[in-house]
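There are 4 protein chains.
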Amino acid sequence: MHKSQSRRETVRVGVAGATGYAGQELVRLLARHPGVELRFAMSSGASDRVPSLPALARLWDGAVSSFAPDRLAADTDAVFLALPDPAAAEVAPALVTAGRRVFDLSGVFRLRDAGQRARWYPEVASLDGAVAYGLPERNRERIRAARLVACPGCYPTAALLTLAPLFAGGLLEDDVIIDAKSGVSGAGKTPSERTHFSECHDSVSAYGIFSHRHGAEIEQELGLPVTFVPHLVPLNRGILETIYARLRPGVSDKDVAAVLDAAYRDAAFVRLLGAELPHIKHVVHTNFCDIGWRVDAASRRLVLVACLDNLVKGAAGQAVQNFNLAFGFDERAGLWA
Amino acid sequence: MHKSQSRRETVRVGVAGATGYAGQELVRLLARHPGVELRFAMSSGASDRVPSLPALARLWDGAVSSFAPDRLAADTDAVFLALPDPAAAEVAPALVTAGRRVFDLSGVFRLRDAGQRARWYPEVASLDGAVAYGLPERNRERIRAARLVACPGCYPTAALLTLAPLFAGGLLEDDVIIDAKSGVSGAGKTPSERTHFSECHDSVSAYGIFSHRHGAEIEQELGLPVTFVPHLVPLNRGILETIYARLRPGVSDKDVAAVLDAAYRDAAFVRLLGAELPHIKHVVHTNFCDIGWRVDAASRRLVLVACLDNLVKGAAGQAVQNFNLAFGFDERAGLWA
Amino acid sequence: MHKSQSRRETVRVGVAGATGYAGQELVRLLARHPGVELRFAMSSGASDRVPSLPALARLWDGAVSSFAPDRLAADTDAVFLALPDPAAAEVAPALVTAGRRVFDLSGVFRLRDAGQRARWYPEVASLDGAVAYGLPERNRERIRAARLVACPGCYPTAALLTLAPLFAGGLLEDDVIIDAKSGVSGAGKTPSERTHFSECHDSVSAYGIFSHRHGAEIEQELGLPVTFVPHLVPLNRGILETIYARLRPGVSDKDVAAVLDAAYRDAAFVRLLGAELPHIKHVVHTNFCDIGWRVDAASRRLVLVACLDNLVKGAAGQAVQNFNLAFGFDERAGLWA
Amino acid sequence: MHKSQSRRETVRVGVAGATGYAGQELVRLLARHPGVELRFAMSSGASDRVPSLPALARLWDGAVSSFAPDRLAADTDAVFLALPDPAAAEVAPALVTAGRRVFDLSGVFRLRDAGQRARWYPEVASLDGAVAYGLPERNRERIRAARLVACPGCYPTAALLTLAPLFAGGLLEDDVIIDAKSGVSGAGKTPSERTHFSECHDSVSAYGIFSHRHGAEIEQELGLPVTFVPHLVPLNRGILETIYARLRPGVSDKDVAAVLDAAYRDAAFVRLLGAELPHIKHVVHTNFCDIGWRVDAASRRLVLVACLDNLVKGAAGQAVQNFNLAFGFDERAGLWA
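Residue numbers (my numbering), protein chains in the order written: chain H, 56 to 392; chain S, 56 to 392; chain E, 56 to 392; chain V, 56 to 392.
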C-alpha cells in the first residue's frame, strides 16, 4: 500500500464548500498534494475579499469562487463535496453522471437501507451501486472502484476502526456502548446558541441520546444495535470515544491485540497503543486514529479508547485518503506532514 | 458608606432583558438581595419553558415574562434595563416620566456631549439632568439623586477607577494608552461568527482600534484623549486592562499609592494591590475591581493593571451597587457573597 | 429539612489544608456562614504574605496559619480536613478523641471493608463506629450522630445520587457503566505534568481504567460491581457523569421518574431535569447536583447524566452541608448564594 | 531567496533537548526536511519508552537518547540546542570549536553588550564574532556566515519584525510600548504553579513589568528603550503583540505601508495585512508572522499588531529557517506544509 505512485499527470480537482471548516482543511491539504491541480474552491458564501482564506495566505492564494456545479462537472476529474446535506444530495448525482469521481463528506449517501435513509435523510435519491462507504482501512477495493465515495465522519470512523475487526473476528458479545466526546468544530461553522463561545466554554453536555443518525450508521456497518451517546466538550478539534464491550468467554487481552494488529498491519494511519491510552492532543492536525484498550479478565469487560481529529481523519483527511486510493496515489500522499 | 440599612420595606423591582448574560446576572443578584421584591423578569424572547433560567432553578423559580414596558412603569419602584441600545433608548424616557428609578446598562445615556452622542448613538433623545453617570466610587452624590443611572460597562469602569483619581490629583501627563483584554461574554448572547467557539477559542485578536465608543466614554470622563485598544481573549468572564501612563516630573511611586489609597479608603469593591499584579481569576463572580501598578522611575513610566468581572462590576453588580446607593441600602447589599 | 435553625451560638470552626482548592472553597463558604466563627485556616505551606488568599481579600482577611493539629483539637467545635490522604489519616483520630466533630474530605475513612481499605489506603487505622459516609441526601441520620463524617468526592457523589435510589427501588439490572468527565481542579493544586496547562488544554484522555479507588467506593455503596472510567477534560471546575444502566423487564421511564422524585422531594440540592440533559455550566459555583435521563424502551437501556461542581457538591459544599446537619442548621445555611 | 536548492547531500543533524516543546517541534520539522538526516534527538530526561515522542509516532520513530554532547560534536554537521540557558551556555562553545554549526534557541548568546549580558545571563562566556543574531528577515548575510546562530524567541521576533524597518526608515518617534499576550507553552514544559491548568485557565495576568530580559534584547536590536509588558493568556500556542508607536510629523499611513512592503517583499514568512488585524488562529502551526496596523492621523498614533506561533516562528521554525540559510537550502525547506 505504501509504494510510491507511478502516476505522472496531475488530477484536476474541485472543492465545493471551501469556506467551511472541513472545506478549508481540504484546500489546505490539496494545495500541497503532489498529484493535484486545485482548479476550483467554491462556496455559496464566496465574497470578493482577497485572500479568501486568510489562514492559508501564501500556502494557497487562489480565490474562492461562487458555487457553480456545472463548472465542477465540466472541468475537473474529481470533486470534493463539503456541503450541507441537502446541497450534497442535490449536486452529487449530476457530477457522477458527468463522469466525475465524487468524494462526499456529507451523510446523505452513507446509509444503504432504504428505511434508515428515509428516516434520517428523507427525499435523498439513491445512487445505489455507484457508492462506496469511504472508510479506507476497511473498504479499499470498493473505494478504488466507486464513482462516489461517501466518507464517514468522526464518530463512525473512530467507532468502526475500533470495533469492526473485533466483531468480524467474533471476539465480542453484542452489547456495545460508545461514549463520544467531541470538540466544537464538529458542529460546523454556522453560529448558533449551542456553539456560542460563552455557552460551550467551561461546560460539558450530552446530546442526541437515542436519536443521533451517526448511531444508525455505526449500526449499519457493524450489523448490530449500539448505544451511542455524543457529548460536546470545550475544545475545538478532536474527538475521543470510550467504547464499552464485553469479550466472549475464552477471549483474552492477547486475542484483542492480535486481531487489531492483523487488521492494521499495513494501515498507515491507525496507531495501536495497546494498554497506553490515547490523548486527543497527539492526533490533532494529523490523519491518525489512535487506539488503546484495557481488559478486566474477571468481568470480561473490554474498554477501548479511540481518538482522531474530526476535521482530518474525520473529514478532509479521510476524503483525501480515499482520493489517493481511487487515483492510484500512495495512500499517504498529501497527508504526511 | 458601610453602615447597615435602616430601611424596612422592600423595593419592587423589574428587570428588562432578563435572559441575556447581564440580565441573568441581575436576576441572580436581585433574587437574593435582602431589600428587593423581584416582581418582573422580562424578555422579548420569553418562552414557556419552566424554569426559564435553568442555571437559577431553586434560587429563583419565577417565570420570565414577555417584555411589557407598561407593566414595568405601573408596578415597580425601580427598573433595571439590560437591553440592546435601541430598546433602552426607546423605553427609558417613559419609565422616568412615570416616576420609576431606572438603572440602565446600555450605553445610550452615558455620553453627555451632543456631538459625541450623535456620532455613537444617533437618534437617542437626551434625558439631560435626569441622568447620572453610574460609577459609584466616583459619583455617589449624583447617583443618589438621579432619576436614571447610566451604568458604565467593563471597559470604562476599569479605566476610570484606575485613572480618574490620578488625573484629578494632577499626577499624570496627558498621554495614556489603555490595552484591554476581554472575555467573550462581553460580546453578549447573540451568536455571531466572531463569538463562535471555533473562531475565538485558541485565538487572540484586537478590534475596534480608533473606533470604539467606549473610548469616547473614557475620554469624556477623563477630559482628555486616550488610545484605547480592546482585544478578545479566550475566556468567558472578566477583563483586564493594562494602562500605560507617564508621571509628571517629581511624582513618585509613593504619590501614586497615596492618591489611590485616599480615593478608595471607603470603597468596598476596589482592592488596591500595589506592586502585586492582579489576575482575572481573583475577581470573577465578584463585584471587585483589583488594581496593581509598577513605576519605572528613570523613564517616569507608570504601568497600571486593573481587572474585574464584566458581568458583575462591569454590568449587573455595578447596577445593583447604584441601586443600593439610590435606595439607601448598604452599598454591598446583595453583592457580598 | 428546610426549617430554619433555632441555634443561637456560633460554632467555632477550623479548616486544615486551607490553601488547596477545596480548602479555599471551605474558607469562602464558612466565612459567610451565619452560624460559624472561623477561628483557624491552617496550611502546612502557610507563608507570611498578606492576604494569604488573594481571591478572598475583603471577604475573609484572616491569616492562614501553620498547620497545628493541637490547636485545632483545643480551640474548636468542628474541624474540616482538606488534607492529603496520609495527613488526614494521621490527624483525624486525635481530633475525634478530643471530642471535635470532624468533616473529612479525604478518601481514607470512606471504605468500610478492611480488605478494600488495605488495598487502597494501606496503614490507615479504622475509626469504625465513629464514622458516617457523608452523602447527606442518602444518610442524614447517621451523619447527625457521627463523630467523623467521611465526605465523598465528586465521582461517588454524582454516581450514588443517581444510582442509589434506583437500585434501592429494584429498577435496574446489575450491569452499570459510569463514564465520568472531570475538570482539572479535581486533580488538586500540586503542579504535575498531567495538569500542566499545555498538556491538558485542548485534549481529552481517559485514566485509571479498572484501577480507580473511587470505583471501589461506588461499588461499596451500591453493593455491586460497576465499570467506572474517568476522563480529564479541559475545563477547571465541574464533572459530568454519563451512566449506562438497563431497566429490569417491566420497568418504565415513569418508574424511574417516580423513584427519583420520591428520593429527592425534600433535597434542596438535587435538581431533577427529566428528559432535559444537564450542563456543567449550570452547576459550577453551586452545591447543586443536576440529573437528567432518557430511556429507550425497546432495549430497556437507561442513560442518566449527572453533573456537579467538584469543589462544591463534590468537596467543600458537601462538607458544609454535612456540618449543617450535624449542628442543627438549615441544610442550606452558607450554601444558598 | 525562494530559488530551489541545488544541494544534493543531506546534512547530518542533532537536536539537544528533544523532549521539550521547542525540541519536539524541531524533531517534527527536521524529520520531514528533505535535506536533513536526523541522527540524534537527545534529552537529559530520555527514558526507554518507545516511541519516545508519542505524538510523532510513525512520523519519526527514532529513539530519544541520553544527552551526550561529545557524540553531537563528533557525528553531526549541525546541532540545534533547545536547552535551558545554563546547559546551552555550557555546551555551545565546544560544539563551535569542534566545527559544528550551532543553532541555539536559548537566550544566552543573544545579548552583545557585556553589561547587559552580565545582568541577565551572568557567567556566560562570550563567543564574540562567532555569533549572529538569528532573525533571518533582518540579518541574512551574517547568519549565513556565523558559527553559532542565536535564534530570538517569540517576543523579540514579533517586535523586531514589526518595528525594526520602521525605525530604520526613520518613521517613528522614540517612545514605544509593546503589550504582549502569550500562550502558556512559551513557559516551557516544566510544571509550576504558574502554568498549572487551574491557575492559568480562565485568567489573564501581566508579569515581568520593567524586568523582562526579552525587553533588553528588543532594546539592543532597536537601539532605544522600550516599554515591554508580557501577559499570560489562556491558550497554548501563539503570541500577539500590540505595539503603540508615534509617527514623526509628516509621516503617513502610506509611508508605513511602503516601508514594510519594501522590507518584506521577498520574505516568505511575513504576511502584511495592512488594516486587517491579525488573529493568532491564523498563524498557529505555521512559521508565519502576520502584521496589521492602523494610524490615527490627528494624533500620529500608530498601532501595530503582530502575531506568530511561539513554538514555530518563535522557536523551532525560526531555527530551521536559519539552518536553511546557513546550508544553502530554500528558506522554506521543511517549513512549507
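We put the CB at the ideal spot given by N, CA and C, even for glycine.
Can you list the alpha helix (DSSP H) stretches of 4 or more residues lying completely in the region 78–154 of chain S, in chain order? 124–130 and 140–152
With 8 Å set as the bound, which would you pick, yes or no: does the beta-carbon of S/D364 sit closer than that to a beta-carbon of chain H? no
Is the beta carbon of E/L390 closer than 8 Å to that of E/L84? yes
Taking V/H256 as the query, report the chain C residues whose CB atoms sit under 8 Å from its CB, ordered along the chain. Absent here is chain C; the protein component of the structure consists of chains H, S, E and V.
Taking only beta carbons into account, state which residues of the region 66–81 of chain V come closer than 7 Å to chain S, listed in chain order. none
Rounded separation between V/A180 and S/N194 - CA only: 59 Å
Would you kindly report the start and end of the unbroken beta strand (DSSP E) that includes S/L169? Checking the sequence, you will find Ala at residue 169 of chain S rather than Leu. First-last for S/A169: A169 to W175, but that is the alpha helix (DSSP H), not the beta strand (DSSP E).
8 Å contact criterion, which H/L277 and H/L218 should meet: CB distance rounded: 6 Å
E/T65 (DSSP reduced to helix, strand or coil): coil
Closest by C-alpha distance to S/G69, when choosing among S/D140, S/A133, S/S258 and S/S237: S/A133
In the DSSP assignment, find the unbroken beta strand (DSSP E) run with S/I273 in it and report its ends. Looking at the DSSP string, S/I273 is not in any beta strand (DSSP E); the run it does join, the alpha helix (DSSP H), is R268 to L277.
Consult DSSP for V/S161 and reduce its assignment to one of helix, strand or coil. coil
At a CB-CB cut-off below 9 Å, which residues of chain E make contact with V/S247? P246 and H251
If the cut is a Cβ gap below 7 Å, which residues of chain H does E/I264 touch? R349 and V358
According to DSSP, is H/D308 part of a helix, a strand, or is it coil? helix
Beta-carbon contacts of V/P220 that lie in its chain and below 7 Å, excluding the five residues immediately before and after: V314, L315 and A318
Assuming contact is defined by CB atoms lying nearer than 8 Å, are H/A142 and H/D159 in contact in what I supplied? no
Between the beta-carbon of V/A147 and the beta-carbon of V/F164, is there less than 8 Å? yes
Any chance you could list the beta strand (DSSP E) runs of at least 3 consecutive residues sitting entirely within the region 285–363 of chain V, in chain order? 294–301, 325–329, 344–351 and 356–363
Evaluate V/K236 with the Cβ neighbour count: other Cβ atoms within 10 Å of its Cβ, from every protein chain shown; 16 or more gives buried, anything less gives exposed. buried
If we ignore side chains and look at the alpha-carbon of each, how far apart do H/I298 and H/A214 end up? 8 Å
Listing by chain order, which chain E residues have their CB less than 7 Å from the CB of H/A261? T297, L332 and V360
What does the Cβ neighbour count give for V/S240, buried or exposed, with the cut at 16 atoms within 10 Å? buried
Where V/H340 meets chain H, residues with beta-carbon distance less than 8 Å: H340
Would a check of beta-carbon distances place S/T282 closer than 8 Å to chain V? yes
Just tell me which of H/P191, H/W175, H/L295 and H/N365 has its CA closest to the CA of H/A322. H/P191
H/T212 and H/K368 look like a contact to me (Cβ under 8 Å); what is the Cβ gap, rounded to whole Å? 6 Å
Report the rounded CA-to-CA distance for H/I335 versus E/A300, giving the unit in angstroms. 27 Å
At a CB-CB cut-off below 7 Å, which residues of chain H make contact with E/D234? D234 and T297
Status (buried if at least 16 other CB within 10 Å, exposed otherwise) for E/S354: exposed
Let's see if you can read the secondary structure: which residues bound the beta strand (DSSP E) around S/C205? Before going further, note that residue 205 of chain S is Ala rather than Cys in the sequence given. Here the beta strand (DSSP E) through S/A205 covers L203 to A205.
Since S/K336 meets chain E, which of its residues come closer than 8 Å, beta carbon to beta carbon? A110
At a Cβ threshold of 8 Å, is H/S354 touching chain E? yes
Report, in whole angstroms, the separation of the C-beta atoms of S/L138 and S/V157, which I expect to be a contact under 8 Å. That belief does not hold up - the Cβ atoms of S/L138 and S/V157 are roughly 11 Å apart, past 8 Å.
Would the beta-carbon of H/G189 fall within 8 Å of that of H/P207? yes
Alpha carbon to alpha carbon, how far is E/S120 from S/L182? 55 Å
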